[in-house]
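Asker:
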Amino acid sequence: MSDLTALTIAEARDKLSKKETSATELTNAYLAAIETANPVINAYVKVTADKARSMAKLSDEKIAKGEAGPLEGIPLGIKDLFATEGVHTQAASHILDGFEPRYESTVTANLFADGAVMLGKLNMDEFAMGSSNETSYYGPVKNPWRKKGSNMDLVPGGSSGGSAASVAAQLCAGATATDTGGSIRQPAALTGTVGIKPTYGRCSRWGIVAFASSLDQAGPIARDVRDAAILLKSMASVDPKDTTSVDREVPDYEAAVGRSVKGLKIGIPKEYRMDGMPAEIETLWQKGIAWLKDAGAEIVDVSLPHTKYALPAYYIVAPAEASSNLARYDGVRYGLRVSGKDIAEMYEKTRAEGFGREVKRRIMIGTYVLSAGYYDAYYLQAQKVRTLIKRDFETVYADGIDALLTPATPSAAFGIGDQDMAADPVKMYLNDVFTVTVNMAGLPGIAVPAGLDDGGLPLGLQLIGRPFDEETLFSLGSVIEKAAGRFTPAKWW
Amino acid sequence: MTIVDTRTPDPKTFISGATGDWEVIIGLEVHAQVTSEAKLFSGASTGFGAEPNSHVSLVDAAMPGMLPVINEECVKQAVRTGLGLKAEIHKRSVFDRKNYFYPDLPQGYQISQFKDPIVGEGTVIVSVGPDSKGEFQDIEVGIERLHLEQDAGKSMHDQHPTMSFVDLNRSGVALMEIVSKPDMRSADEAKAYVTKLRTILRYLGTCDGNMDEGSMRADVNVSVRRPGGAFGTRCEIKNVNSIRFVGQAIDSEARRQIAIIEDGGVIDQETRLFDPVKGETRAMRSKEDAHDYRYFPDPDLLPLEFDQAYIDALIKELPELPDDKKARLIKDAGLSAYDASILVSEKAIADYFEKVAAGRDAKQAANWVINDLLGALNKAGRDISETPISAEQLGAILDLIREGTISGKIAKDLFEIVWTEGGDPKAIVEDRGMKQVTDTGAIEKAVDEVIAANPDKVEQAKAKPSMAGWFVGQVMKATGGKANPQAVNALVKEKLGVE
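Respectively, the protein sequence lines represent chains A and B. Residues in the first sequence are numbered from 221 upward in steps of one, following the working numbering. Residues in the second sequence are numbered from 576 upward in steps of one, following the working numbering.
1. Using only the alpha-carbon positions, how far apart do T413 (chain A) and I753 (chain B) sit?
2. Rounded to a whole number of angstroms, what is the C-alpha to C-alpha distance between K461 (chain A) and V644 (chain B)?
3. Would you mind sorting V646 (chain A) into buried or exposed? The rule is 16 or more other CB atoms within 10 Å of its CB.
4. Determine the direct distance from the alpha carbon of R571 (chain A) to that of V741 (chain B), and round the result to whole angstroms.
5. Pull up the CB-CB distance for L721 (chain B) and I686 (chain B), whole angstroms please, since I reckon it's below 8 angstroms.
6. Give the C-beta separation of K271 (chain A) and H308 (chain A) to the nearest angstrom, bearing in mind that I take them to be a contact with Cβ-Cβ under 8 angstroms.
7. Within the same chain, show all residues whose beta-carbon is closer than 7 angstroms to that of V821 (chain B), passing over the 5 residues directly before and after it, in chain order.
8. Is the beta carbon of A607 (chain B) sitting closer than 8 angstroms to the one on C782 (chain B)?
9. Out of A:P525, A:L512, A:A510, which one is the CA nearest neighbour of P489 (chain A)?
10. Excluding the 5 residues preceding and the 5 following E696 (chain B) in the sequence, name in chain order all residues of the same chain whose CB lies nearer than 8 angstroms to its CB.
11. Is there a Cβ from chain A that is less than 8 angstroms from the Cβ of H732 (chain B)?
12. Can you tell me whether DSSP reads H308 (chain A) as helix, strand or coil?
13. Compare the C-alpha of D850 (chain B) against each of B:A824, B:I842, B:I578, B:D974 and name the closest.
14. Taking 7 angstroms as the limit between beta carbons, can you name the residues of its chain near Q968 (chain B), skipping five residues before and five after?
15. When the Cα atoms are used, what is the spatial distance from R847 (chain B) to I590 (chain B)?
16. Look at the alpha carbon of I842 (chain B) and the alpha carbon of G804 (chain B), and state the distance between them as a whole number of angstroms.
17. If you measure from the beta carbon of R405 (chain A) to each beta carbon in chain B, is any gap under 8 angstroms?
18. Consider the Cβ of K461 (chain A): report whether some Cβ of chain B lies at a distance smaller than 8 angstroms.
19. Is Y357 (chain A) close to chain B, meaning its C-beta is less than 8 angstroms from at least one C-beta of that chain?
20. From the beta carbon of I563 (chain A), is the nearest beta carbon of chain B less than 8 angstroms away?
21. On the DSSP bridge list, what partners appear for F849 (chain B)?
22. Taking C-beta pairs closer than 7 angstroms, name the residues in chain A that M1089 (chain B) reaches, listed in chain order.
23. When Cβ atoms are compared, which residues of the region 675-707 of chain B fall closer than 7 angstroms to chain A?
24. Quick check on C649 (chain B): does DSSP put it in helix, strand or coil?
25. Are the CB atoms of A517 (chain A) and L556 (chain A) nearer to each other than 8 angstroms?
26. If you pair each beta-carbon of the region 544-555 of chain A with each one of the region 652-666 of chain A, do three or more pairs fall below 8 angstroms?
27. For my contact list, R860 (chain B) and I600 (chain B) are in at a C-beta cut-off of 8 angstroms; report their separation, rounded to the angstrom.
28. Which value, in whole angstroms, describes the spacing of the CA atoms of A940 (chain B) and A951 (chain B)?
29. I need the DSSP call for M455 (chain A), collapsed to helix, strand or coil.
30. For S645 (chain B), go through chain A and note every residue whose CB falls closer than 8 angstroms to its CB, in chain order.
31. Any Cβ of chain B within less than 8 angstroms of the Cβ of W426 (chain A)?
32. On the three-state DSSP scale, how would you describe V944 (chain B)?
33. Please check the pair K285 (chain A) and A397 (chain A), which I expect to be a contact at CB under 8 angstroms, by giving their CB distance rounded to whole angstroms.
34. State the Cα-Cα distance for the pair V797 (chain B) and G1056 (chain B), rounded to the nearest angstrom.
35. Taking 7 angstroms as the cut-off, does the CB of E541 (chain A) come closer than this to any heavy atom belonging to the ligand GTP?
36. Quick check on the burial criterion: 16 or more other C-beta atoms within 10 angstroms. Buried or exposed for V654 (chain B)?
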């Protein structure tokens, strides 16, 4: 059975079409792996075994009739942030206790229409707020990777920690994820998986529990670049129900995998060389530069002068939007309700009990920066910074740069319950330092595993593209993947 | 916003207090429900009077992950309204979130327009009156802005001993908030303004203006000052839901403020409610308790943008508005300004009149509609929509007069009959023998009889020719009013030998 879960989506697709295996077999293999691993890894908050089996059965029928969709019979994990009809959808929060929507998010509906099978709902940081998956109401997810000779539990990154861990531990063939400030790319980098945040507007946000509407974007986490391309093709669409989604044809991303990168101009932004950055991150970056150069790309040093303002501006914009987006969780219509003597007390008790510490912190920050007298100094100023960050990218792209290469994270995976980060939330926020600029500018960004650090933990590189030019990212990503190889954790669970 | 005083103090509007005259300053924020099948950001129905929570979409209930999608029909209606208010249309406007917690506000914020509304400054000409001399005075009320926003749901506190219930049918319904400048100086002016606004909206078909169904309601800002002096502190009276109450609320609030100031007190800027039973306003919340709404642009919605061609197309389809109609009735149909004002005051009346006047004498039609129809409706306490006589029926009556089939006097009787019994006027005249006698032989006989019976009057008439009128009256009486008055008149004069 284990060899079935080791298959990439492309490989499984091949075997299914040749009838060398069935969707049912594949699904059962994953369900068995989940049963063993999940009590340890805690990647799934809800396993939908019955639904998975019936979806697989339907896929087998379609394959038999020659009506297979592009993802027919491929078992996927779905981040708990996506509304799935009749299935646990709680954004890993206590406040959405028992919530099962009567609707299906556009992204998951697209995947299922293409034949994908849902294995269950994946753990995440509560409301996608976190970089370690420790803020989940359902407890932290364990990274399938461990340091050589250590049995310390490490975080898988966040907020899509369940997605990244389940892909790395082969508990699903691929997973949906979302990225507001790095929530796809950072956990992908920390687990040796591939994660792409497409251009803002590429995937519909309809049916995805909102964190920060102007930054949120769905994307896949997968075993390799090709799988990520296959998944994104199915996830992306324009949607009349999301007016920020963009009406542009979805290209055949898979065709871009392996495509020549000869002559492409790759920018190396000097501002991403941070003080105190571990030497091995710098080494990895240089390796990436060398690989792309070997493949025929031209390397150009560039400047994105407003980079250092991105993180502080992000931590104003994102909480501001979140403070408003999360106002609907009031105990009136669905989810948790803690009664009080009057409506105000009911709100207070419900929200006090229903939200975790990090979510409350961000709601308070957001409420503060939008308050009368502070709005101009914080929110408006942050929006101006955002415009400048966007302009930085526009300038380098106008100068002929096709994509940018940067580190994905400032470090490898750290320990669960890391005292440094627990004591200072800003240290945790620094995990997103290389990724938030991309969200602020609405650009596509991919994290691709590029090597292991001294302790044997995976590290990733990030490629940032022009708006709606995900294809170039897949081409460049596959060059790095080919040079670096693929990374799979040794099974200890 | 800088407040500009556009009016010259007019003693007619002053309120006299214990220490002298006061002038009341009024500005209104009218919330008008957009006439549209669906809500502002969802496809749910806007139908009135449905079972609670039967017109609620996932968006209206603010389910997780739901997104608003602007209803283009509502945008069109807002632009058309802006055009009707002779206002500046903003080709780019922005939706903002107004954040506050309330159980009937599912999102925890209302989507509204704060900094960049869809419509800017405009003007409404308001005819105030008629006064005791039957005269109207035209005043100009400035429009500050018009913006689109969502309505909230309804909380019901009387359905359960310990709980409140929430009905979300109205949640997300599109409203236009029309903000006037503080250009009104009396309750009568404010009432006339709301009436005129409602008329314009009804002409445009952008709001049905039914205040009793909540389709239109007003927040009334009132302050007082010494005539021509600096503006005073204002109080806002929320959610006044009839034109009559607007007037009562202003009068009582102005008196309250004057009394406080005259007693040496100061006015606190606060939000108040009007109690129609007591006929007075009471404090709702003070400025200190005012919400901090934390407005910011709604990231779920792109800025609303359209081009001049879009506006031009809407201008082309715009119906004739009351001011234009009034001008036309005066110029082309030769009506008096007074008559024209009354006829255009409500779209339903104007429509009725135009149907009656089509192909007929406009002045005569105006007289009948104003004096007879509106008079009777007024007496019966009915609205034009409840008229028992249709425009077609009244038109038929006028045709019978013009053809000479009935006299004007008989026409009044016929009007009464149609009012109470209904039916085809022509058939009624036929069936009940109300036809005018035009047979000169019969009229001549009657004239002869009257002359023969009143030799003394004949003598008097010879000396005073206007006495002929008495004979006409007698002949009409003798013929039961059915004789053609012109024919009687001519014969009487001929037989009496007077001019």
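Even glycine gets a Cβ: it sits at the ideal position worked out from N, Cα and C. These numbers were taken from a predicted model, which means no experiment stands behind them.
Answerer: Concretely, from the data shown:
1. 55 angstroms
2. 6 angstroms
3. exposed
4. 20 angstroms
5. The pair is not a contact, with the Cβ atoms about 16 angstroms apart (cut-off 8 angstroms).
6. Not quite, the Cβ-Cβ distance comes to about 11 angstroms (not below 8 angstroms), so this is no contact.
7. A765, K766, V769, A793, V795, V815
8. yes
9. A:P525
10. A662, E663, G717, I718, E719, R720
11. no
12. coil
13. B:A824
14. V993, P1000
15. 21 angstroms
16. 16 angstroms
17. no
18. yes
19. no
20. yes
21. B:T856
22. There is simply no residue 1089 (chain B) to check, as chain B begins at 576 and stops at 1074 in what is shown.
23. F676, P678, P681, Q682, G683, Y684
24. helix
25. no
26. no
27. Contact doesn't hold; Cβ gap of about 22 angstroms is too wide.
28. 15 angstroms
29. helix
30. Per the sequence presented here, residue 645 (chain B) reads as Ile, with Ser not at that position. Residues of chain A passing the Cβ test: T463.
31. yes
32. helix
33. Not a contact, Cβ separation roughly 32 angstroms.
34. 58 angstroms
35. Among the components modelled here there is no ligand, and therefore nothing to report on the ligand GTP.
36. buried
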